[in-house]
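Working notes for the structure below.
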Amino acid sequence: MDKTYNPDQIEARWYPYWEDKGCFKPSGEGEPFTILLPPPNVTGTLHMGHAFQHTLMDALIRYQRLKGRDTLWQVGVDHAGIATEMVVTRQIEAEGGKRDDYTREEFIEKVWDWKEHSGSTITSQMRRLGASADWSRERFTMNPDLSEAVNETFVRLFEEGKIYRGPRLVNWDPVLKTAISDLEVVNSEEQGKLWSIRYPRTDGEGDVIVATTRPETLLGDVCVAVHPDDDRYADLVGKTVELPLTDRQIPVVADEYVDMEFGTGCVKITPAHDFNDWEVGSRHDFEPINIFTPTAEINDNAPEAYRGLDRFEARKRVIEDLKAQDLLVEEKPHTLMVPRGDRSGQVIEPYLTDQWFVKMDELGKIGLDAVESGEVEFVPGNWINTYRHWMENLQDWCISRQLWWGHRIPAWYDEDGNVHVGRTEDEARANSDLPADAKLTQDEDVLETWFSSALWAHSTLGWPNEARMNSEGFDRYLPTSVLITGFDIIFFWVARMIMMTKHFTGEVPFEQVYITGLIRDRDGQKMSKSKGNVLDPIDLIDGIDLESLVDKRTASMMQPQKAKAVAKATREEYPDGIPAFGADALRFTFTALAGHGRDIKFDLGRCEGYRNFLNKLWNAARFTLMNTGEEKLPVPAEGDYDVLSRWIRSALGRTINEVDAALADYRFDLAAKALYEFVWHEFCDWYLELAKPALAEDADEATARATRHTLATVLEATLKLLHPFVPFITEEIWQRVRIPAGVEAETIMATRWPEAGAIDEAAEQDAEWLKTVISAIRSARTELGLAPGKPMPLMVQLGGDDDHERLERFGSLIRRLARIESIERVSDDRDSGDCAVALAGNLRLLIPLAGLVDIGEEVARLNKQLEREQKGLAQAEKKLANERFVDNAPAEVVDKERQRLEEHKTKVCELSNQIDKLSRLQ
1 MDKTYNPDQI
11 EARWYPYWED
21 KGCFKPSGEG
31 EPFTILLPPP
41 NVTGTLHMGH
51 AFQHTLMDAL
61 IRYQRLKGRD
71 TLWQVGVDHA
81 GIATEMVVTR
91 QIEAEGGKRD
101 DYTREEFIEK
111 VWDWKEHSGS
121 TITSQMRRLG
131 ASADWSRERF
141 TMNPDLSEAV
151 NETFVRLFEE
161 GKIYRGPRLV
171 NWDPVLKTAI
181 SDLEVVNSEE
191 QGKLWSIRYP
201 RTDGEGDVIV
211 ATTRPETLLG
221 DVCVAVHPDD
231 DRYADLVGKT
241 VELPLTDRQI
251 PVVADEYVDM
261 EFGTGCVKIT
271 PAHDFNDWEV
281 GSRHDFEPIN
291 IFTPTAEIND
301 NAPEAYRGLD
311 RFEARKRVIE
321 DLKAQDLLVE
331 EKPHTLMVPR
341 GDRSGQVIEP
351 YLTDQWFVKM
361 DELGKIGLDA
371 VESGEVEFVP
381 GNWINTYRHW
391 MENLQDWCIS
401 RQLWWGHRIP
411 AWYDEDGNVH
421 VGRTEDEARA
431 NSDLPADAKL
441 TQDEDVLETW
451 FSSALWAHST
461 LGWPNEARMN
471 SEGFDRYLPT
481 SVLITGFDII
491 FFWVARMIMM
501 TKHFTGEVPF
511 EQVYITGLIR
521 DRDGQKMSKS
531 KGNVLDPIDL
541 IDGIDLESLV
551 DKRTASMMQP
561 QKAKAVAKAT
571 REEYPDGIPA
581 FGADALRFTF
591 TALAGHGRDI
601 KFDLGRCEGY
611 RNFLNKLWNA
621 ARFTLMNTGE
631 EKLPVPAEGD
641 YDVLSRWIRS
651 ALGRTINEVD
661 AALADYRFDL
671 AAKALYEFVW
681 HEFCDWYLEL
691 AKPALAEDAD
701 EATARATRHT
711 LATVLEATLK
721 LLHPFVPFIT
731 EEIWQRVRIP
741 AGVEAETIMA
751 TRWPEAGAID
761 EAAEQDAEWL
771 KTVISAIRSA
781 RTELGLAPGK
791 PMPLMVQLGG
801 DDDHERLERF
811 GSLIRRLARI
821 ESIERVSDDR
831 DSGDCAVALA
841 GNLRLLIPLA
851 GLVDIGEEVA
861 RLNKQLEREQ
871 KGLAQAEKKL
881 ANERFVDNAP
891 AEVVDKERQR
901 LEEHKTKVCE
911 LSNQIDKLSR
921 LQ
């Protein structure tokens, strides 16, 4: 093995090997275990959230594969309608053209060309991370077989009366000119204004004052609402007011939606431009008035003076006219939540337009029952409450988008505007009573991306084509085992998959849903490009220099001052750039941080620590192989294993049990912790050290053989335990250790998960005793400032029969490892004033100072330590004497200070006694 661990060379070598060997494909043997990859956008790149969740998925797949299960990790990408159209449109513009230069068919051809040459970057990045997915089954939501599933779903739902077309309020992006989902709307707190406007009463008895943040929408008002219990306006209900700047009169209605305590208690109602107002208008049977065009300009439903104006220009004009007519009462600053499109960045309008919808009443019940019955389980379990709340308040699902790229809606219109639905135009025509030569025009809209994604579980397994279902293993792999995803798409994807898969197949799409936390920066802030705190997982794998990192973080920032601030902060945080940690260190960091239900503060210090952990594993493997050789080792007789070999094998068994239990509960963090503790502390720090005497030239040959075999087999088993988390380094080392360990396989991926043997408690107790004694001696040596190799005598007091029996058995090992020249048992009442004292359980360890240390220097050192403790004691006493601190500080803070006080007191007493004893020897 190379002296130095180089992850880049290892990772570049092993992934192509695994893929070429077909290691990621289902074996067809054993109990199925299937994971669905939430399909990322075809335009996307691997971000920290992806890398985190993909690591967890891959850890489970590799674990279950080693357990002998028939594993399938179904991967693929989403066609991402809006994002892809924007990418290709920008490409056209960069080439000097315009989107309007293309017909629909030409544009779609351009998209497919882009997809062929530039799309799916994320799948190559997943390979860099080590994702062991079955790429031979990779799917794209626009592939013909998945498109067939989409058409089939639409037609069946339409025939069942669950799909309809009609006017409804939707989130509308006036730049993209399409409806968008709630997930594509980013609500940000912004500074705006609140305008109070006078609506004159028609009867001449005064005015009604309403407040709005969008005064231009008053042109579409249909009424003013007050609360039915508001005595101030009881006489107004049923009467009318003049709608400013128009020639219309609108009524005053009573509705419990109104908050009597907010503003004047009077609310303008504009059903076509506000979701809450839509509900109010529907309850009172008002016809909504849409005043916007698809590009958010004022249309012909408004007075002529405002027609053709952009919405924000119209706002200025409306305010000016209200002032001119003395109808503007007040204008004041107001903080409000502004909805913006996540792609365009433009303010989103609630907009009344004809769209296609899925009725959610029956489907919603299916989705809720599947979870309430336990067919689908959420982990952590509290997420069922979030799911239940949303499912009990479902709105019909808008599934149409005004785009070119996507699954075009399989609906055709005749010349009278009647709609005819079919899987093809011929079928739509056949289903109608139209004459054979009647002209039909297909709907221009496409289905939103979430519609095809909702079919992911069963469409990727061949549905609805029976032959494909048989060949893809539909009955074998559905339901899938677990879905790993974030809470943000529980409604948009998880719930819809449950509804659709259950409705069409009778099966749930997955048995469990593991909801992860979010990856945040080290200060707990959400990572976002606008904040300039995003980390790129590929940069963590390969490393990136400071200036490249600064350029990457500031490239897309429109505000120069913000870019300067981000550049400054980046240089302060990463003065040397980001070193290359490798994929394995990044993966182990993710798993070690993956506790239930909590967001993760990602600190590069953890990456560095786990990179060091892998380096320690590498060095331990080198030590092992130097002592085992490259030939198959003979299997020793069970009686040849010494107590230390029995201990490490027992500790390995406990670790196997811990990792199995942790992964069964999706506690990746506990599994990583158990492995870290075993590898670093038990195997590397202790067993390798304790094994050295057994490997020496003068050691007993049978014990030496057993020790070498233990080194090889325990390391080989440990590599299997680590493999789901750090696949590259484990394969690299395993290929070398498998021969002495006697394991026959081409790759670690073709082996089986180790089984825990019997726990040897007696050997564990012996080993713990030995470690405690050696650690106590070494700590005393360090405190005395003695060189690690300097021999010294040791005297022991107290202790029980077990202690002295072990001293007899392990005396030579203690002398060798702790550099002790002699061990003497002395009477329990011997004065220890001339000795350094250490405790090891019930044993008292005495190290005579004469000839070892300069007592004067030691007294001076202890006096400095005493001075620090006395200062700490004084500070703690002062804090606790402060009544304001004791009364107002949190209880845990006060308790901690009291504990610190007692610790200082104890240390001061111990040091004073020690100094006193040493001073008498001078």
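Counting with full-length UniProt numbering, you get residues 1 to 922 for the letters of the sequence shown.
Beta carbons are placed, not taken as given, at the ideal position from N, Cα and C, and that holds for glycine.
Assuming residue i and residue j make a contact with CB atoms under 8 Å, what is their CB distance in whole Å?
i: Gly-238; j: Pro-251; result: 7 Å
i: Ala-651; j: Glu-764; result: 7 Å
i: residue 937; j: Thr-89; result: The shown model of the chain, from 1 to 922, leaves out residue 937, and the question about it has no answer.
i: Thr-570; j: Leu-586; result: So it is not a contact: roughly 19 Å between Cβ atoms.
i: Trp-450; j: Trp-493; result: 6 Å
i: Phe-602; j: Arg-520; result: 7 Å
i: Gly-486; j: Gly-49; result: 7 Å
Could you give the residue range of the alpha helix (DSSP H) that holds residue i?
i: Ser-282; result: 275-283
i: Trp-14; result: 7-20
i: Asn-299; result: Asn-299 -> no alpha helix (DSSP H), and no H or E assigned at all.
i: Met-126; result: 121-129
i: Leu-109; result: Reading off the sequence, residue 109 comes out as Glu, not Leu. Glu-109 -> alpha helix (DSSP H) spans 104-118.
What span of residues does the beta strand (DSSP E) with residue i cover, start to end?
i: Lys-552; result: Element bounds for Lys-552: not the beta strand (DSSP E) but the alpha helix (DSSP H), 546-554.
i: Met-337; result: 328-341
i: Asn-418; result: Neither: Asn-418 is in no beta strand (DSSP E) and is coded neither H nor E.
i: Thr-213; result: Run containing Thr-213: none; DSSP gives neither H nor E here.
i: Thr-240; result: 240-242
i: Cys-835; result: 835-840
i: Ile-748; result: Looking at the DSSP string, Ile-748 is not in any beta strand (DSSP E), and its letter there is neither H nor E.
i: Leu-846; result: 843-848
Using a Cβ-Cβ cutoff of less than 6 Å, which residues in the same chain neighbour residue i once the five nearest sequence positions on both sides are dropped?
i: Ile-163; result: Leu-157, Val-358
i: Thr-589; result: Arg-606, Cys-607, Tyr-610
i: Ala-454; result: Arg-496, Met-497, Met-500
i: Ser-27; result: Asp-70
i: Val-643; result: Ala-763, Asp-766
i: Glu-869; result: His-904, Lys-907, Val-908
i: Asp-523; result: none
Just list the residues that DSSP pairs residue i with in beta bridges.
i: Thr-34; result: Leu-72
i: Phe-357; result: Tyr-164, Cys-398
i: Cys-223; result: Ile-269
i: Thr-178; result: Asp-173
i: Thr-441; result: Tyr-413
i: Gly-486; result: Thr-516
i: Arg-884; result: Note: Arg-884 sits in no beta bridge, so no partner.
i: Val-185; result: Gly-341
i: Glu-349; result: Trp-172
i: Pro-251; result: Thr-240
i: Ser-143; result: For the sequence presented, residue 143 should be read as Asn rather than Ser. For Asn-143, which the question treats as bridged, DSSP gives no partner whatsoever.
Leaving out five residues before and five after residue i in sequence, what residues of the same chain have Cβ atoms less than 7 Å from its Cβ?
i: His-334; result: Gly-192, Lys-193, Leu-194, Thr-213
i: Ile-108; result: Trp-404, Trp-405
i: Asp-173; result: Ile-180, Gly-341, Ser-344, Gln-346, Ile-348
May I ask you to check if the CB of residue i is nearer than 8 Å to at least one heavy atom of the ligand NAP?
i: Asp-229; result: The ligand NAP is not part of this structure, which contains no ligands at all.
Output needed for residue i: all residues of its chain with C-beta closer than 8 Å, excluding positions within five of it in sequence on either side, in chain order.
i: Leu-849; result: Leu-784, Asp-834, Cys-835, Ala-836, Ile-855, Glu-858, Leu-918, Leu-921
i: Ile-733; result: Met-1, Leu-617, Trp-618, Ala-621, Leu-715, Leu-719
i: Pro-508; result: Per the sequence presented here, residue 508 reads as Val, with Pro not at that position. Cβ within range, chain order: Ala-370, Glu-375, Val-376, Pro-479, Ile-498, Thr-501, Lys-502.
i: Leu-546; result: Thr-570, Arg-571, Tyr-574, Pro-575, Asp-576, Gly-577
i: Asn-276; result: Tyr-257
Segment contact flag, the stretch 278-285 with the stretch 187-197, C-beta cutoff 8 Å, min 3 pairs: no
Validate contact between the stretch 67-80 and the stretch 506-526 using beta carbons, cut 8 Å, 3 pairs: no
Cβ contact check for the stretch 809-823 and the stretch 761-776: 3 or more pairs under 8 Å: yes
Contact the stretch 214-234 vs the stretch 253-272: 3+ CB pairs below 8 Å: yes
Inter-stretch contact at 8 Å, needing at least 3 Cβ pairs: the stretch 335-350 / the stretch 165-185: yes
contact_flag[the stretch 368-383, the stretch 197-207] where n(CB pairs < 8 Å) is 3 or more: no
Three or more C-beta pairs below 8 Å linking the stretch 359-373 and the stretch 392-408: yes
Cβ contact check for the stretch 31-46 and the stretch 115-125: 3 or more pairs under 8 Å: yes
The stretch 802-809 touching the stretch 681-689, judged by at least three CB pairs closer than 8 Å: no
Inter-stretch contact at 8 Å, needing at least 3 Cβ pairs: the stretch 419-436 / the stretch 456-476: no
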